[in-house]
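When the letters of the sequence shown are read in order and numbered with our numbering, they come out as residues -1 to 228. Cβ atoms here follow ideal geometry from the backbone N, Cα and C, with glycine treated the same way. First the structure, in the form of structure tokens, and then the observations on it.
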Amino acid sequence: MSLVRLEISSVVVGEGTVSSMVILKPHRRTAPSAKLPIRIGSVESTAISMGIDGSQHHRPMTHDLLNDVIVSLGGRLVSVVINDVRGTTFFAQLRIVTSAGSQVSVDARPSDAIALAVRAHVPIFAEEEVVDTASLPDFSSVEAEERREELKRFHDFVEGLTPEDFALDRGDVRTAADGTLSRPSQASSHERTSGPDERASELGHPREKPGQDLRDDLADGTNTAEHPGS
């Protein structure tokens, strides 16, 4: 199987119910963008963080000690490889060249292997099958593509706009001879609001003229109103 070179994206030092994790990503975008999260212990996550920071101690910590032992025996660590995953458990190997020039592989936990790699400044690899099986997709690229599609749709919408699209009521807007937009006068005969008499006629109830009832009463002598001098 081919190997994919990885680098540390972030280290999460968990507390309580929050798990500690080390998140790996492809080295310098030389592979499909994906992230490989590995759950580790809080002690191991602290050890990796200290190795990245290059913190110095009066006495060697465990991973510093292991690296010193390898060098003292004439060997050197050349790389670490995450070579398998079963469920949520990852497996790794230390690739060491001995003083005789031969290469040996030593089984290790990924957290220990990574903590040693950052101290020895050696590359971290993973089997391609492990990356394909356990990596998370790069959602940032998906979000970027969605933003591009939204911008394209908005651009197409703006390009298709016409002056009429800005009118609230197209019937109230006219285009003059010079191409400008104008609103018809409210005094136009076809838009004039009907008066009370016209509305009454439309409803089938002719409106009587003012005083009509009084004249009718005077004519037939039925008016009962009192007048001075009667």
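- Inter-residue distance for R117 and T86 is about 26 Å (C-alpha atoms, whole angstroms).
- Within the model, the alpha-carbon separation for R26 versus H56 is close to 35 Å.
- The straight-line gap separating the alpha-carbon atoms of V9 and L71 is approximately 31 Å.
- R3 and P35 have their alpha carbons spaced roughly 15 Å apart.
- Counting along the chain, no alpha helix (DSSP H) covers T87; the unbroken beta strand (DSSP E) around it starts and ends at T87 to V95.
- Around the beta carbon of S109, a 10 Å sphere encloses 16 or more other beta carbons of the protein chains shown; the residue is thus reported as buried.
- Judged by pairs of C-beta atoms under 8 Å, the stretch 146 to 153 does not touch the stretch 91 to 111, as fewer than three such pairs exist.
- Beyond the five residues adjoining it in sequence on each side, A132 comes within less than 7 Å, by CB distance, of L34 and V83 in the same chain, given in chain order.
- Counting every other CB atom within 10 Å of its CB across the protein chains shown gives F152 a total below 16, marking it as exposed.
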